[in-house]
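Take a look at the structure below.
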Amino acid sequence: MTMVLDQTHDPARKSWLASANQAGSDFPLQNLPFGIFRLSSGGRPRAGVAIGDRILDLAAALEAGCLELPAHTAAAAQQPALNALMAEPVEARRALRLALSNLLSEGSALAGDRSLHDRLLPPLSEVRMQLPAAIGDYTDFYASIFHATNVGSMFRPDSPLLPNYKWIPIGYHGRASSVVVSGTPVRRPRGQARPGDVPAPRFGPSRQLDYELELGAWIAGGNALGDPIPLDAAESSLFGVSLLNDWSARDIQAWEYQPLGPFLAKNFATTVSPWVVTMEALAPYRVPAFARPAGDPAPLPYLDGAWNRSQGGLAVTLEVAISSARMRQEGLAPARLSRGDFGLMYWTLAQMVTHHASNGCDLRPGDLLGSGTVSGPSKDERGCLLELTWRGRDPLTLPSGEARTFLEDGDEVIITGFCERPGAVRIGFGECRGVIMAAREL
Ligand code: MN
């Protein structure tokens, strides 16, 4: 498996749409992320591609004869969810990316036909984004050794990192039904918790509601039940990535997680950003897999390979910010809580895919894999409040003067991400946001 750099990544390529060429835009010509949108004025869900401050309506471009695609790809691009497009072979996905890049490049026929622009490219401000795919299954991993060590040392001071961690990409099966798109309010869950040493648990609204800063990876072609996915094929089994917030109720989690892992502490909501940045767009940002410290075991052979070692990592910078209701009333900007580097993950996305399918478990187009909380070695790289406040022991102070240990009602959590390096055009992921609503009255 090699990542192909081609003319779609050429930094000299500009779009005829000026907003796509502005420095700092998340959606330059070199990105071309896919999403599903509805016009604010109504209509059915449609597949689109973000470019600058607009969205290319794929069905409208096909109908207008601007975009010529093989029949199979064209049919997939007109579905109300991205699953069929995700299932296209990697060669077809690359061809689609090239066709889109050509259509939106300076000098294309569409550039000169201004009468089509408003119909084919509605402004992002006039659409409502939906979930990118119908998600059949959702799995969340735990791939940051910094996060795992921090959390382990709070929950199990005597054995923070369990002996399997360096051998197995640890994960659990999440709940696809409660994955929501960015902007969907999140209801504070009720649940059972046993705070401190009280003799019996209580049932009520979570008092330790948290976020987790993660990437979500979308499965492309997948595998038949019973067939594993070799590590060398794992990359082409990925369609792309989004931002992901794995909302977590720590008090419920601490009481329920043994012996079978997270259950109701996490399946009340998971938020994803609407734009799927493709693996092709990420090709310039490949980095070696995390360098294991001397003394750590090498991965078992099925999780090891030359390509994974040299290019299995992804240099994505992730940031999370908070905005309380009072901060918004006072006109204060969201305050950054942490910044993470996806290149520090102990396991690569390809290793997660291969391990997931190693027993024959079938992954299907549109399945979602969460990476696990993205944390690094320093304090400002801790990707959740559990770590940042050390389970509430060290409260944070917001710009409004308010203290935070965990999330309060009205708090909004905003995740952003981008890739940047010399010689390539910066690409961004858009936003993954959600505001906490008070628990429902019983
Ligand atoms: Mn998680």
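In the numbering used here, the protein residues as written are 1197 to 1638.
By construction, the Cβ of each residue, glycine as well, lies at the ideal position given by its N, Cα and C atoms.
Residue i to residue j, Cα distance in whole Å?
i, j, result
"Leu-1514", "Glu-1284", "28 Å"
"Asp-1249", "Phe-1233", "14 Å"
"Leu-1299", "Val-1245", "12 Å"
"Leu-1278", "Gly-1367", "25 Å"
"Ala-1413", "Pro-1397", "36 Å"
"Val-1200", "Arg-1289", "12 Å"
"Val-1286", "Gly-1417", "9 Å"
"Phe-1337", "Pro-1365", "7 Å"
"Leu-1638", "Gly-1387", "12 Å"
"Val-1376", "Ser-1304", "37 Å"
"Leu-1228", "Arg-1293", "7 Å"
"Leu-1252", "Ser-1506", "35 Å"
"Ser-1534", "Gly-1400", "29 Å"
"Pro-1207", "Gln-1274", "30 Å"
"Trp-1443", "Ala-1465", "6 Å"
"Thr-1467", "Ala-1219", "28 Å"
"His-1313", "Gly-1239", "19 Å"
"Ala-1255", "Leu-1496", "45 Å"
"Arg-1383", "Gly-1606", "10 Å"
"Val-1609", "Arg-1532", "10 Å"
Comparing C-alpha positions only, which one of the options sits nearest to residue i?
i, options, result
"Ala-1445", "Val-1621, Ala-1599, His-1268, Asn-1463", "Asn-1463"
"Arg-1488", "Ala-1329, Gly-1613, Met-1541", "Met-1541"
"Asp-1428", "Arg-1629, Ser-1355, Gly-1239, Leu-1499", "Leu-1499"
"Ser-1471", "Leu-1439, Gly-1501, Pro-1495", "Note that residue 1471 corresponds to Trp in the displayed sequence, not to Ser. Cα-wise, what sits closest to Trp-1471 is Leu-1439."
"Leu-1584", "Arg-1371, Val-1347, Thr-1269", "Val-1347"
"Gly-1433", "Gly-1579, Asp-1442, Asn-1419, Trp-1451", "What sits at residue 1433 in the sequence shown is Ser, not Gly. Ranking the options by Cα distance to Ser-1433, first place goes to Asn-1419."
"Lys-1210", "Ala-1273, Met-1282, Gly-1261, Ser-1297", "Ser-1297"
"Leu-1265", "Leu-1281, Val-1468, Asp-1202", "Leu-1281"
"Trp-1586", "Ile-1331, Phe-1602, Pro-1595", "Phe-1602"
"Pro-1328", "Pro-1241, Leu-1358, Asp-1423", "Pro-1241"
"Gly-1379", "Ala-1219, Met-1325, Pro-1318", "Met-1325"
"Tyr-1453", "Ala-1511, Ser-1374, Arg-1352", "Arg-1352"
"Ile-1415", "Leu-1564, Ala-1450, Tyr-1407, Arg-1482", "Leu-1564"
"Glu-1526", "Leu-1254, Ser-1340, Gly-1624, Leu-1594", "Leu-1594"
Let me know if residue i comes out buried or exposed under the rule of 16 or more other beta-carbons within 10 Å of its beta-carbon.
i, result
"Glu-1431", "buried"
"Leu-1581", "buried"
"Gly-1231", "buried"
"Arg-1310", "exposed"
"Leu-1545", "buried"
"Arg-1315", "exposed"
Ignoring anything shorter than 3 residues, give me the beta strand (DSSP E) runs that lie fully in the segment 1345 to 1371, in order along the chain. Counting only runs of 3 or more, we get 1367 to 1369.
Mind listing, in chain order, the continuous beta strand (DSSP E) runs of no fewer than 3 residues lying wholly within the segment 1574 to 1628? 1608 to 1615
Considering only heavy atoms of ligand 1, list every residue whose Cβ is less than 6 Å from one of them, following chain order. Asp-1336, Glu-1408, Glu-1410, Asp-1442, Gly-1566, Gly-1568, Thr-1569
Runs of 4 residues minimum, wholly inside the segment 1239 to 1305: which ones carry the alpha helix (DSSP H) assignment? 1254 to 1259, 1267 to 1273, 1279 to 1282, 1286 to 1300
Within the segment 1385 to 1438, note down every full beta strand (DSSP E) run reaching 3 residues or more, in order along the chain. The qualifying runs are 1386 to 1389, 1398 to 1401, 1409 to 1415.
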